[in-house]
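Its first residue numbered 152, the sequence shown is counted upward by one per residue in our numbering. Even glycine gets a Cβ: it sits at the ideal position worked out from N, Cα and C. If you're wondering where the values come from, they're calculated on a predicted model, not measured in any experiment. Here the structure is laid out as structure tokens; the discussion comes afterwards.
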Amino acid sequence: MRQSLVVGNWKMNGSVQKNQSLLESLKQGIGSVQQAEVAVCPPFVYLQQVSELLKGTVIAWGGQNLSQQAPGAFTGEVAASMLGDFGCKYVIVGHSERRALYGESDELVAEKFAKAQSVGLIPILCVGELLEQREAGETEKVVKRQLDAVINLQGVGALAKSVIAYEPVWAIGTGKTATPAQAQDVHAFIRGRIAELDTGVAEKVQILYGGSVKGNNAAELFAMTDIDGGLIGGASLKADDFLTICQAGK
Ligand code: PEP
């Protein structure tokens, strides 16, 4: 039985004051979350604040991105080891916004995945298709290509110490959620692809769903066999909504 995991991706949101109030509310309410592990991924500059507020609680934290490089002359970048310094457990890699807006290729995402693991961080590898790719029947082809970039670089065994997030791009921040059946189909495809190479890894790896998950649709999504929790954007910024989603973890 895989433990469920719910991760809040704050994206480029927050302020010292807002973070404090959100995290105080999460700390107060986290006792109502029975099954899921919970984590939040704030912008880099708030990691110090978040680590201080969450230290000693059951809530974990992580980064939203990292550099594929070792520390050095890379202005504006943040190294994996620096995330480690601030107690991060997780780091998101290959979010569709990074792929689309910052030109991150499958190969670069795979390098970031490897760099994260090299310092003991757990990468949350985001995969997912665009609307036109879904409409063209290419969902599985796209997701397989994104997944295989990591497998080709690191070997399938590396996925055992990672989390995968299936996030159909057309569902992110749009209010259009994949139906539980649509999501389950792709999750089962991902697990099946991994099982072709290693059944043990396939059974173990947590596969999260992301894309307009809210308090009112989380339970039906998380109830699906191959959905092990969620990666939550907008709804992770409101403590009540986020806690309701976390409570839906099985
Ligand atoms: C995300 O950014 O990973 C995401 C799923 O966003 P939202 O929940 O707002 O669709």
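Any idea what DSSP makes of C397, helix, strand or coil? For C397, the three-state secondary structure derived from DSSP is helix.
Helix or strand or just coil, what does DSSP make of V293? Helix at V293.
Check whether the Cβ atoms of E258 and G245 sit closer than 8 Å, and answer yes or no. Taking 8 Å as the Cβ cut-off, E258 and G245 do not qualify as a contacting pair.
State the Cα-Cα distance for the pair G288 and M375, rounded to the nearest angstrom. Take the alpha-carbon of G288 and the one of M375: they are about 22 Å apart.
For E371, verify whether its CB is less than 7 Å away from any heavy atom of the ligand PEP. It does not: the Cβ of E371 is nowhere closer than 7 Å to a heavy atom of the ligand PEP.
heavy atom of the ligand PEP below 7 Å from L173 C-beta: Checking every heavy atom of the ligand PEP against the Cβ of L173, none is found closer than 7 Å.
Can you find a heavy atom of the ligand PEP that lies under 7 Å from the Cβ of V266? Looking at the sequence shown, residue 266 is not Val but Lys. K266: no, Cβ never under 7 Å from the ligand PEP.
Does the distance from the C-beta atom of L234 to that of V242 stay below 8 Å? Yes; because the gap between Cβ atoms is below 8 Å, this pair is in contact.
Those residues which DSSP pairs with C192 across a bridge: For C192, which the question treats as bridged, DSSP gives the partners N160.
Between the Cα of L320 and those of V314, T328, Q185, spot the shortest distance and give me the residue it belongs to. The residue asked about is misnamed: residue 320 is Val in this sequence, not Leu. Nearest C-alpha to V320 among V314, T328, Q185: T328.
contact_flag[the region 197-213, the region 279-299] where n(CB pairs < 8 Å) is 3 or more: With the cut-off at 8 Å, the region 197-213 and the region 279-299 do not touch.
From A187, M152, S183, residue whose alpha carbon lies closest to that of G159: Nearest option by C-alpha distance: A187.
A399 and F373: beta carbons closer than 8 Å? Yes. Within cutoff.
For T330, does the count of other Cβ atoms within 10 angstroms reach 16, so buried, or fall short, so exposed? Counting the other CB atoms within 10 Å of its CB gives T330 a total below 16, which places it among the exposed residues.
Note down, in chain order, each residue of its chain lying with its Cβ closer than 8 Å to the Cβ of V229, except the 5 sequence neighbours on either side. Shown here for V229: same chain residues with a beta carbon closer than 8 Å to its own, the five before and five after excluded, namely F195, G214, N216, L217, S218 in chain order.
I'd like to know whether the C-beta atoms of L156 and L204 end up nearer to each other than 8 Å. Taking 8 Å as the cut-off, the Cβ atoms of L156 and L204 do not count as close.
Is there at least one non-hydrogen atom of the ligand PEP closer than 7 Å to the beta-carbon of N160? Taking non-hydrogen atoms of the ligand PEP into account, the C-beta of N160 is found less than 7 Å away from one of them.
Based on DSSP bridge pairs, tell me the residues matched to C277. Paired residue(s): A316.
Cross-strand partners of W212 (DSSP beta bridge): V191, per the DSSP bridge assignment.
Apart from the five residues on each side of it in sequence, which residues of its chain come closer than 6 Å, Cβ to Cβ, to S387? Shown here for S387: same chain residues with a beta carbon closer than 6 Å to its own, the five before and five after excluded, namely G159, F393 in chain order.
Which word fits E354, buried or exposed, when buried means at least 16 other C-beta atoms lie within 10 angstroms of its C-beta? That one is exposed.
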